[in-house]
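A.B. asks: Numbered by our numbering, the letters in the sequence shown go through residues 818 to 1160 in order. I have a structure I would like to understand better, so I am pasting it below and will then ask my questions one at a time.
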Amino acid sequence: MISSEPAEVVLDHDHLEDVDGAIYVAIGNRHLPNAAIAYLKYVPTSRRTPWCRGSTCFERVVRRYGATYVLSAVRDLQEEVYDPALGVTVPVVSFSRVRAIYRPRERLAEILRKPRDPVELDVVESYTTLRSCTGVSPGSVGVDGSVLVGIHNPELSDVDLVVYGCRDSVEVASTAHEAFGRLPAEVEVRRLRTMSEVYGLPPEVLATISPPYKRLYLGGRREVNIMFSGDRAERYGERVLVPVAVAEALLDVDGGDCRSLYYPGEARVSRTLYLRVERPLAELALHADRVELVLNYESLYSYVLFRGGPVRARGVLALERTSSSLVLVVGTRETWSYVVPKN
């Protein structure tokens, strides 16, 4: 087992600024001992852009989302290392280069005390609306995105909230959409077309799997998105995966698990109805034909797994070294992957 504590406590959605002023977004709650697994999102520039903090402006490195696109966009722009616990290379920022860590809950508390502009006022209203409809604990919510690092633009920026902890995550995922409006129909149609290009799935399929806590609308003026995270750091190397094949499966997934909402999401499999290996990735014989867990790195599919039931999934089949169980990993750049409800 490769198990150790990281040098810094970093949670999913924390932002890290390095000594050159570049800003990274942490991926998950499990990090390397000497580095955070994180992707580069903003770099400082000498020209004027929509994202500025005082006299310093930033370029967005990641312009479109989707796990595969994000990892491809940053591949040549930041350090990558081989992660023996995952069996793949991952983007990182070394803790020795980090000069500041921005934490969503601390930033929201600051805004609640003294909002300074229209975006921050909408953050306060979004938080108040969320609490009124769900009863989420006051210390369980943070603010993400450009607002977190103070480079937001009143005309362009959305409100991105992060909910921490299991109980609050389940409640918010189930009910938050009831308190907000929805995007205009024409905006939603354009969004689904763009998503179809990114994910390789038809717009009508994307419409059925899009999480209801995404693309909310506050007062007809500001988009609001809600994300989820566990509230404590995890030990690196507790799970060690060996990728063995690209596979397609029909699985019966246990629903209602808060961990399926986190990043990466985890969903237990009660039954493997079908498993087909498409392409081997290692010379390793499989002695099991039952998938025990779906490990999801693509947030689009989190709500499908949270709902549970029969799903069709494609991804990288990996062997968990300690238990010898099979894990289907979705949302990595090694192959096109998906999780959709069984028709």
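The beta-carbon is built from N, C-alpha and C at its ideal position, and this holds for glycine as well.
Can you pull the DSSP bridge partners for T906?
C.D. replies: Answer is Y899, bridged to T906.
A.B. asks: Rounding to the nearest angstrom, what Cα-Cα distance links S820 and E1083 in this structure?
C.D. replies: Caution applies to S820, whose pLDDT of 45 falls short of 50 and renders its modelled position unreliable; the model cannot decide the point.
A.B. asks: Measure the alpha-carbon distance for V987 versus N1160 and round it to whole angstroms.
C.D. replies: One C-alpha to the other measures close to 25 Å.
A.B. asks: Would you tell me roughly how many angstroms separate the C-alpha atoms of E1151 and T1139, rounded to the nearest one?
C.D. replies: Whole-angstrom Cα-Cα distance: 23 Å.
A.B. asks: Going by alpha carbons, who is nearest to D975 out of L1058, R916, S963?
C.D. replies: The residue with the shortest Cα to Cα distance from D975 is S963.
A.B. asks: Looking at chain B, is there any beta carbon in it that lies within less than 7 Å of the beta carbon of E1040?
C.D. replies: Protein chains in the displayed structure number just one, and chain B is not present.
A.B. asks: Using 8 Å for Cβ pairs, my map puts L965 next to Y919. What's the rounded Cβ distance?
C.D. replies: With a Cβ gap of about 5 Å, L965 and Y919 count as contacting.
A.B. asks: Using only CA atoms, which one of Y1118, P1029, L929, L1009 lies nearest to N1042?
C.D. replies: Taking only the C-alpha atoms, the option nearest N1042 is P1029.
A.B. asks: Nearest CA to the CA of S957: which residue from S1046, A852, V1133, C1075?
C.D. replies: It is S1046.
A.B. asks: Starting from the N-terminal side, write out each stretch of the beta strand (DSSP E) that is 3 residues or longer and does not extend beyond the segment 932 to 1000.
C.D. replies: Runs found: 958 to 960, 976 to 981.
A.B. asks: What does DSSP give as the partner residue(s) for D1069 in the beta ladder?
C.D. replies: R1088, P1127.
A.B. asks: Grab me the residues of L828's own chain with a C-beta within less than 7 Å of its C-beta, minus the 5 sequence neighbours each way, in chain order.
C.D. replies: Cβ neighbours of L828 beyond the five flanking positions: A843, N846, S1046, A1050.
A.B. asks: Please go through the same chain and pick out, in chain order, the residues whose beta-carbon is closer than 7 Å to the beta-carbon of V826, but skip the five residues on each side of it.
C.D. replies: For V826, where only same-chain residues beyond five positions count, the Cβ hits under 7 Å are A1050.
A.B. asks: Note the first and the last residue of the continuous alpha helix (DSSP H) segment covering E927.
C.D. replies: Start and end: 921 to 930.
A.B. asks: Based on the DSSP output, what are the partners of N1113 in its beta bridges?
C.D. replies: Looking at the DSSP assignment, N1113 forms a beta bridge with G1082, V1147.
A.B. asks: Is V898 closer than 7 Å to G953 when the C-beta atoms are compared?
C.D. replies: As written in the sequence, residue 953 is Val, which differs from the Gly given in the question. Contact flag unset, no.
A.B. asks: For a test of the three-state rule: what should DSSP assign to S820, helix, strand or coil?
C.D. replies: Summary for S820: the model assigns pLDDT 45, below 50, so the residue's position carries little reliability; its value from the coordinates is reported in the next sentence. Here S820 sits in coil by DSSP.
A.B. asks: Could you tell me whether the Cβ atoms of D977 and D961 are closer together than 7 Å?
C.D. replies: It is a contact, given that the beta carbons lie within the stated cut-off.
A.B. asks: Secondary structure at Y1034, three-state DSSP: helix, strand or coil?
C.D. replies: Reduced to three states, the DSSP call for Y1034 is strand.
A.B. asks: So the beta strand (DSSP E) V842 belongs to, where does it begin and stop?
C.D. replies: It spans 840 to 843 - the beta strand (DSSP E) in which V842 sits, taken as one unbroken run.
A.B. asks: Does DSSP put V826 in a helix, a strand or coil?
C.D. replies: Three-state DSSP puts V826 in coil, outside helix and strand.
A.B. asks: Can you tell me the Cα-Cα spacing of G1036 and V1063, whole angstroms?
C.D. replies: Between G1036 and V1063, the C-alpha separation is close to 45 Å.
A.B. asks: Consult DSSP for L873 and reduce its assignment to one of helix, strand or coil.
C.D. replies: The sequence as given places Thr at residue 873; Leu does not occur at that position. Looking at T873 - three-state DSSP - the assignment turns out to be strand.
A.B. asks: Here's a check: name, in chain order, each residue in its chain whose Cβ is nearer than 7 Å to the Cβ of R1129, leaving out the five neighbours to either side.
C.D. replies: Excluding residues within five positions, the ones whose Cβ falls inside 7 Å are L1067, V1157, K1159.
A.B. asks: Could you compute how far the alpha carbon of S872 sits from the alpha carbon of R916?
C.D. replies: S872 and R916: Cα-Cα distance of roughly 19 Å.
A.B. asks: Spell out the partners DSSP gives E1051 in its beta bridges.
C.D. replies: For E1051, which the question treats as bridged, DSSP gives the partners R847.
A.B. asks: Using 8 Å for Cβ pairs, my map puts P1060 next to A1099. What's the rounded Cβ distance?
C.D. replies: That pair is a contact at about 7 Å.
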